[in-house]
Every structure is written in C-alpha cells, then in structure tokens.
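> Its first residue numbered 185, the sequence shown is counted upward by one per residue in the working numbering.
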Amino acid sequence: MTGSAIATAPGNPGDPAATRSRVFLLSPAHCGGKRAAVLLNQQASFPLARRLRSTSGVTLGEAFSFLSGLYFRGKLTYARSFARPPRGTSGVQVITTYRGLLPADTRIRAEELAEFGQVDIKSDHPSYRTPLTRDISALAQTTQLDMILLGSVATGKYIDVLLEVLGERLLFPKDFVGRGDMSRGALLLRAARAGKELDYEPVGGAIRRGRRAPRLGQPS
Numbered sequence: 185m186t187g188s189a190i191a192t193a194p195g196n197p198g199d200p201a202a203t204r205s206r207v208f209l210l211s212p213a214h215c216g217g218k219r220a221a222v223l224l225n226q227q228a229s230f231p232l233a234r235r236l237r238s239t240s241g242v243t244l245g246e247a248f249s250f251l252s253g254l255y256f257r258g259k260l261t262y263a264r265s266f267a268r269p270p271r272g273t274s275g276v277q278v279i280t281t282y283r284g285l286l287p288a289d290t291r292i293r294a295e296e297l298a299e300f301g302q303v304d305i306k307s308d309h310p311s312y313r314t315p316l317t318r319d320i321s322a323l324a325q326t327t328q329l330d331m332i333l334l335g336s337v338a339t340g341k342y343i344d345v346l347l348e349v350l351g352e353r354l355l356f357p358k359d360f361v362g363r364g365d366m367s368r369g370a371l372l373l374r375a376a377r378a379g380k381e382l383d384y385e386p387v388g389g390a391i392r393r394g395r396r397a398p399r400l401g402q403p404s
C-alpha cells in the first residue's frame with residue numbers, strides 16, 4: 185500500500201491535518217432507474233416530486249438522497265459534517281454524468297434530472313470525462329487541500345478519471361473496503377452523528393476490495 189493512513193482529529197488544533205482544507209467528492213445516484221421514474225412521473229403528488237417540477241426545483245442533494253436512499257443520505261450528512269473547504273468553494277461536490285462536479289446544494293429541475301439519466305458514467309465517455317477532468321483539475325490548483333471520495337473505489341468509473349489528475353491526493357475512508365452501499369451509508373451516518381471522523385488513506389495503491397466487513401444495523 186502506498187502512503188500511510190491519514191488519521192483525522194476534528195477540533196484538535198495540534199493536528200497538522202486539522203489545518204488543511206477538505207473537500208468531499210460524492211459519487212452520484214443512479215438517475216435512470218425505477219426510483220428516478222417515480223420521482224419524474226408527471227402525476228406524482230408527493231412533495232419532492234411536486235417541487236422538482238416547480239420553477240425553483242430541488243437541490244441535487246435532495247434528489248439524489250431520494251434516488252439512492254441511505255447510501256447517498258449517509259454520504260451527504262457525513263460530508264456536510266466534516267467538510268473544511270477553501271473560501272469560495274463548496275465542501276460537498278457531487279460527481280454528475282455530464283456536468284462535472286456540482287455543489288450538493290445546486291438546484292435542479294425535472295428536465296435536468298432526466299438529462300442526468302441519459303449519459304452513461306464510463307471513464308472513456310467524453311461527455312462524462314471531459315467536464316469532470318476540468319473541474320477536478322481546477323480543484324487541484326489549491327494547495328493544502330485534501331480531496332476525499334465518498335464512493336466505490338472498486339471500479340474505474342470514478343477512480344480512473346480522478347487518479348489521473350489527483351494521484352496520491354485522492355483519499356477515501358479506509359473502512360469502506362469490504363462494505364456494500366448500504367453498510368457504507370450506515371457507517372457514515374453513525375460517524376456524523378457521533379462527531380467522529382473516519383480515517384482516510386490514498387486510493388492509489390490501496391486494497392480496494394477486501395473481506396466483507398461486519399454488518400451494521402441501519403440507522404433511522
């Protein structure tokens with residue numbers, strides 16, 4: 185494994201890691217599945233669907249939390265709890281299918297959500313790769329900035345693009361190894377509620393697949 189685990193100590197002024205800025209990169213929800221069809225149904229009457237069709241729309245975080253459930257809700261809650269972004273930068277950035285990185289509080293409408301579902305996330309797809317590379321490269325211009333992926337490191341969908349730009353600067357929670365989506369979501373919610381940040385390590389060279397971790401109960 186290249187690099188050592190980076191232990192975090194929120195609120196400890198003596199910890200060098202506490203002086204660095206921190207931005208979280210959240211993997212997206214699937215925008216072309218059954219839950220997306222429910223949310224985009226013109227006849228849907230539940231509040232989120234109605235607001236999505238309104239002029240003001242909903243935030244990206246709200247929409248993706250509905251689509252992905254516990255997993256995205258955990259990522260969003262955790263990232264909001266521990267982000268330390270540079271001035272003028274959002275600390276919670278969501279990977280999208282064709283618009284690169286967008287802050288989680290970006291407002292979208294039904295038409296935009298439907299468009300997200302029409303582009304495949306493939307590392308060699310220019311419509312996905314080009315804007316993501318652009319936005320990651322812009323973030324990388326900031327020194328003393330940790331960029332932490334909250335998403336799968338077992339496939340190349342995100343990793344191939346991010347590592348090409350960030351190299352060893354791309355981190356992820358080491359406790360993600362061996363966990364499925366629901367377990368990761370539960371882990372992140374528990375950590376956020378406890379105010380205890382997880383330990384991170386560089387993605388490059390890390391063991392991306394491991395023995396299945398002990399199952400966590402789903403938090404409410």
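Virtual Cβ for every residue (Gly too), placed ideally from N, Cα, C.
All figures in this text were calculated on a predicted structure; none of them were measured in a lab.
For a test of the three-state rule: what should DSSP assign to Leu382, helix, strand or coil?
Locating residue 382 in the sequence shown gives position 198, counting from the first residue. Coil.
> Please classify Glu352 as buried or exposed, where buried requires at least 16 other C-beta atoms within 10 Å of its C-beta.
Stepping through the sequence shown from its first residue, residue 352 is reached at position 168. So Glu352 ends up on the exposed side.
> In the DSSP assignment, the alpha helix (DSSP H) including Ile320 goes from what residue to what residue?
Working through the sequence shown from its first residue, we reach residue 320 at position 136. Run containing Ile320: Pro310 to Ala324, per the alpha helix (DSSP H) assignment.
> For Val222 and Arg268, I'd like the C-alpha separation in whole angstroms.
Working through the sequence shown from its first residue, we reach residue 222 at position 38. Working through the sequence shown from its first residue, we reach residue 268 at position 84. Their backbone Cα atoms lie some 35 Å apart in a straight line.
> Are the CB atoms of Gly241 and Arg293 within a distance shorter than 8 Å?
Position 109 of the sequence shown, counted from the first residue, corresponds to residue 293. Position 57 of the sequence shown, counted from the first residue, corresponds to residue 241. Yes, the pair counts as a contact, with Cβ atoms nearer than the cut-off.
> Answer yes or no: do His214 and Leu251 have a C-beta to C-beta separation smaller than 8 Å?
Counted from its first residue, the sequence shown places residue 214 at position 30. Counted from its first residue, the sequence shown places residue 251 at position 67. It is a contact, given that the beta carbons lie within the stated cut-off.
> In terms of residues, what are the limits of the alpha helix (DSSP H) holding Pro231?
One-based indexing of the sequence shown puts residue 231 at position 47. Here the alpha helix (DSSP H) through Pro231 covers Pro231 to Arg237.
> Return the residue from the list Glu348, Phe356 and Asp330 that minimises the CA-CA distance to Ala338.
The sequence position of residue 338 within the sequence shown is 154, counting from 1. For Ala338, the nearest C-alpha among the options comes from Phe356.
> For Leu285, which residues in the same chain have their Cβ closer than 6 Å to its Cβ, ignoring the five residues on either side in sequence?
Position 101 of the sequence shown holds residue 285. The residues are Gln277 and Asp319.
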